[in-house]
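To start, the structure under review is shown below, and the notes come after it.
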Amino acid sequence: MQENQHRRALLILHLCVFIWGFTAILGNLISLRETVLVWYRMGITSASLLLLPAFWRGIKTVPRKDMGRIAGIGLIVAVHWITFYGAIKYANVSVALTCMATVSFFTALLEPLFFRTKLIKRDVLFGLAVIPALYVVFYFSGNFVTGIIMGLTSAFLAAMFTVFNKKVTVRFDPFSITFIELFSGWIFIGLMLPLYLQLFPDTPLVPGTTDVWYLLILSIVCTTLPFTLSLVSLRHVSAFTANLTINLEPIYGILLAIFFFKEYEQLSAGFYIGAAIVLGIVFIHAWLTQRDLSAKRKLKAS
């Protein structure tokens, strides 16, 4: 029975990661600029969370004094998503996802600064190891420099979000935290839109019919649904398995981009070699980190 639960949970988690891979594909298909796209995504996802009973149960447990801090994290999420979709618009899906694969390294370097823990030498070494791999990506994607810079900025912001969010997720209901973060991000972008429209006056605000469908799929099917399913599956799989599975997202996304957009025609073999090195380093780093954590838990338990 327990083995069947584990197998089912792992299958659900893989499905969630595969669906998350589609967020980049939809970002490329939606014709709206990145800032407007994210504004709609945050608004629709926030509204969909209101329909979940778990949200209403959990929101009552969040003190008002903590809501401001959680809302601040939402601003980081907003800029992270804007730069992520900006990377897709200014480069392509494969480049953006390769840059996003560096999130774990940024997290490993930022976490000791905010939690005042000891900096692990191995994390630094792996962080340094990924630099030449990124150089290869840069070298073979010279016409996508703006997109690469936006992608790495997005990865850095995602790492900041992970570090800050770690302090609140252990205390409050995840649905409530997610709603506060996304809703505050939606308000933040909404307040910034007049300035944004002055800088980019040709920006369309009203999505076409096709974009509306894509936005609904992106916000509900590719955000709310996998988030809910992943919370269920994580109860039955180890952190080690979860981290390795989640690291598959860039691979799924790049394969989907090849299938849908034939991005191999825009990118050279050198880019894919660099991307493979980055992803390989990420997997090795995740495996070693989780192996050490498992060993420490066993030592404490004995």
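In the working numbering, the protein residues as written are -13 to 288. Just so it is clear, CB atoms sit at the ideal spot from N, CA and C, and this is done for glycine as well.
Cβ-Cβ distance between A(-5) and S219 below 8 Å: Taking 8 Å as the Cβ cut-off, A(-5) and S219 qualify as a contacting pair.
How long is the line joining the alpha carbons of E20 and T139, rounded to whole angstroms? 14 Å
The region 22 to 32 / the region 175 to 194 touching (three or more Cβ pairs under 8 Å): yes
With 8 Å set as the bound, which would you pick, yes or no: does the beta-carbon of G54 sit closer than that to a beta-carbon of chain C? In summary, chain C is missing from the structure at hand, where a single protein chain is found.
From the DSSP output, in three-state form, read off A77 for me. coil
Following the continuous alpha helix (DSSP H) through N151, name the residue where it begins and the one where it ends. 131 to 155
Alpha carbon of R43 to alpha carbon of T155, nearest angstrom: 16 Å
Count the other CB atoms, across all protein chains shown, that sit within 10 Å of the CB of Y121; report buried if there are 16 or more and exposed otherwise. Counting other Cβ atoms within 10 Å of its Cβ, Y121 stays below 16 and is therefore classed as exposed.
Skipping 5 residues on each side, what residues in its chain have a beta carbon closer than 6 Å to that of I45? S162
Ignore the nearest five residues each way along the sequence and tell me which others in F216's own chain have a CB closer than 8 Å to its CB. It should be noted that the sequence gives Ser, not Phe, for residue 216. Correct list, in chain order: I(-2), L(-1), C2.
In or out: K75 buried (at least 16 other Cβ within 10 Å) or exposed? Buried: at least 16 other Cβ atoms inside 10 Å.
Can you give me the start and stop residues for the alpha helix (DSSP H) that G44 sits inside? 39 to 45
Quick check: is any heavy atom of the ligand NAP less than 7 Å from the C-beta of S32? Ligands are entirely absent from the displayed structure, and the ligand NAP is therefore not among its contents.
Under a Cβ-count criterion, where at least 16 other Cβ atoms within 10 Å of its own Cβ denotes burial, should D188 be classed as buried or exposed? With fewer than 16 neighbouring CB atoms inside 10 Å of its own CB, D188 falls in the exposed class.
Spatial distance of L36 from N78 (CA atoms): 33 Å
Reference L211, options Q(-9), L83, F8, closest by Cα: F8
Inter-residue spacing [alpha-carbon to alpha-carbon] between G137 and F158: 30 Å
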